[in-house]
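Notes follow once the structure below has been shown.
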Amino acid sequence: MSQRYGYEIWSGLAMLVVAIAVASPVLFGAAEPSIHRTLWTSLFVVFMLSLIAAVSGMARRVDLLGFAAAVVFSWMLVLTAPGMGLLNILLVLTAAISAYLVPVWGGFVLVGLNTVVLAVDAVQEASPQWGGAITEAALMELGLFLGFYLMIQVATLLSTVTLIREQRQRRELARAHVDLRAASAVLAVNARAAERLRISRDLHDTLGHQLTVLALELEAARHRTPGPAREHVERAGTVAKELLADLRATVDQLRTEPTDLARALDEVVADLPGLHVELDVEPEISLDEARTEALVRAVQEITTNTLRHADATRLWITVGLDGENGGVGRDVVLTAEDDGCGPPDAGAGGNGLRGIAERFEMLGGTATFGTAAPRTAKTAKTASIESTGRTTRGRDPLGQGFRVVARVPSA
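Structure representation (structure tokens):
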């Protein structure tokens, strides 16, 4: 469980505890509502269930219906329990939750409606004391009461909106960092490959040429040298040919040396705010620059999609080889899975997903997109490259998600 996930759980529990605490005088008989206590308790239970549904994140429609029901039942609870000042905090809770579900102007409309409900409740409570005549002191007291709760609601709404915007900005910054790191990793891979190619060419064009000339000269000298000295010339010629063979092997190794895939991917996913990434790369994987870049770009797109759409706190990425083809020319497998809700439309696909498909098709691979079957959070390797984001927001490690299935030969 990540730190951010823990904070969300505790804040939600605190909200429920506050709601129960302010209603406890009526629930436990310390105060009498204007309706039967059993009915009032039933209304409170429905309010709590609606509140939980509003913040559960199961579906947008469920969230809004739960929120609307919570608002209506909070009004009913306040109006049927006059004199319970702390119960008005239920309206403050609904104002805070509105920042997550409706536009800011909708939150201010709710604050206004809540204030009207508070005014009706206050007038209902104080009317017997007024005796048909409203004094200036009573109006001032009513104004202070309404102004106090109005400011509390506005402050709560604005602070929640500010918090949400700050979280979104951090996510945007994290996505920008992922893109920058991916570009840097690809640039580093290409730069190292270019440097190896330059060194191999220099070795071939300079030392290789000189050793070739030396071997030819020694071969010519061997035929012209008589007696015991010929043995030394033959030995020098053999050494020159061995050096030339070693040089050619070194040049070939420099040209075909695999890139450090684990290092490149780690640079992309390291230290992302609000998202913990567990990366596991099989050490036996040996890829050229083109395939390394394809995997880096795929991980980049997976990570940014997780940050943008999944509302996730953890992302598992595994890169390995499948078990087909007798261990020769096996396909590279990328498995990625988060604990979030996934993209809103699994079949939508975007430019980034199309880019993944195009990259792997150019390398002789394939890519398809669809909805994943329920599975555990850490998935066994399959002969595919796949990225899964959840369609449920409960952060349950089981569920259906968005999946990218692709295949690319390792060589």
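Under my numbering, the sequence shown is numbered contiguously, ending at residue 415.
Glycine included, C-beta positions come from ideal geometry on N, C-alpha and C.
1. Is there contact between the region 237-249 and the region 274-291, where contact requires at least three CB pairs shorter than 8 Å?
2. Closest to SER54 by CA distance: which of MET144, LEU276, ASP264, LEU97 is it?
3. Judging by CA-CA distance, which residue of THR216, VAL121, ALA240 is the nearest neighbour of PRO86?
4. Per the DSSP calculation, HIS280 is bridged to which residue(s)?
5. What residues in its chain sit with their C-beta under 8 Å from that of LEU211, if we drop five residues either side in the sequence?
6. Hey, quick one: how far does the alpha helix (DSSP H) through ASP270 stretch, first residue to last?
7. For ALA100 versus THR160, is the C-beta spacing smaller than 8 Å?
8. Among GLY359, ASN118, THR242, which has the Cα closest to the Cα of TYR72?
9. Do LEU91 and LEU83 count as a contact pair if the criterion is CB distance below 8 Å?
10. By alpha-carbon positions, which one of GLU271, VAL49, VAL21 ends up nearest to VAL182?
11. Under a Cβ-count criterion, where at least 16 other Cβ atoms within 10 Å of its own Cβ denotes burial, should PRO37 be classed as buried or exposed?
12. How is the beta strand (DSSP E) around VAL337 delimited, first residue to last?
13. Where does THR242 land, buried or exposed, given buried means 16+ other C-beta within 10 angstroms?
14. Find out if the Cβ-Cβ distance for the pair LEU269, VAL303 is shorter than 8 Å.
15. When burial is assigned at 16 or more other CB atoms within 10 Å of the CB, is TRP320 buried or exposed?
16. Just reading off the alpha helix (DSSP H) that ASP67 is part of, what are its end residues?
17. Counting only beta-carbon atoms, is PRO37 nearer than 8 Å to chain C?
18. Rounded to whole angstroms, what is the Cα-Cα separation between ALA35 and MET88?
19. Taking just the CA atoms, how far does LEU367 sit from LEU220?
20. Apart from the five residues on each side of it in sequence, which residues of its chain come closer than 7 Å, Cβ to Cβ, to GLU238?
21. Just to confirm before moving on: does the CB-CB distance between MET52 and ALA25 stay below 8 Å?
22. Please confirm whether THR317 and ASP343 have their CB atoms less than 8 Å apart.
23. According to DSSP, what are the bridge partners of LEU325?
24. In whole angstroms, what separates the C-alpha of VAL190 from that of LEU265?
25. Below 7 Å CB to CB, which residues in the same chain sit around ARG1 once its five sequence neighbours on both sides are set aside?
26. Report, in whole angstroms, the separation of the C-beta atoms of GLY278 and ALA178, which I expect to be a contact under 8 Å.
27. Assign VAL106 to one of three DSSP states: helix, strand, or coil.
28. SER102 to GLY111, Cα distance in whole Å?
29. Could you tell me the alpha carbon to alpha carbon distance between PHE152 and HIS313, rounded to whole angstroms?
30. For ALA18, which of LEU94, ILE39, ARG64 has the nearest alpha-carbon?
31. If I measure Cβ to Cβ from ALA240 and keep anything under 7 Å in the same chain, skipping five residues before and after, which residues do I get?
32. Excluding sequence positions up to five away, which residues of its chain have a Cβ less than 7 Å from the Cβ of VAL108?
33. Just how far apart, CA to CA, sit VAL21 and TRP14?
34. Do you know offhand how far ALA58's Cα is from ALA274's?
Reading off the structure:
1. no
2. LEU97
3. VAL121
4. ARG318
5. LEU251
6. 265-273
7. yes
8. Sequence inspection shows Ala at residue 72; the Tyr mentioned does not correspond to that position. It is ASN118.
9. no
10. GLU271
11. buried
12. 335-342
13. exposed
14. yes
15. buried
16. 64-83
17. In the structure shown, chain C does not exist; there is a single protein chain.
18. 8 Å
19. 43 Å
20. ARG226
21. no
22. yes
23. VAL336
24. 10 Å
25. The structure shown does not extend to residue 1, since the chain spans only 5 to 415, so no value can be given for it.
26. 7 Å
27. coil
28. 5 Å
29. 38 Å
30. LEU94
31. LEU222
32. VAL165
33. 10 Å
34. 34 Å
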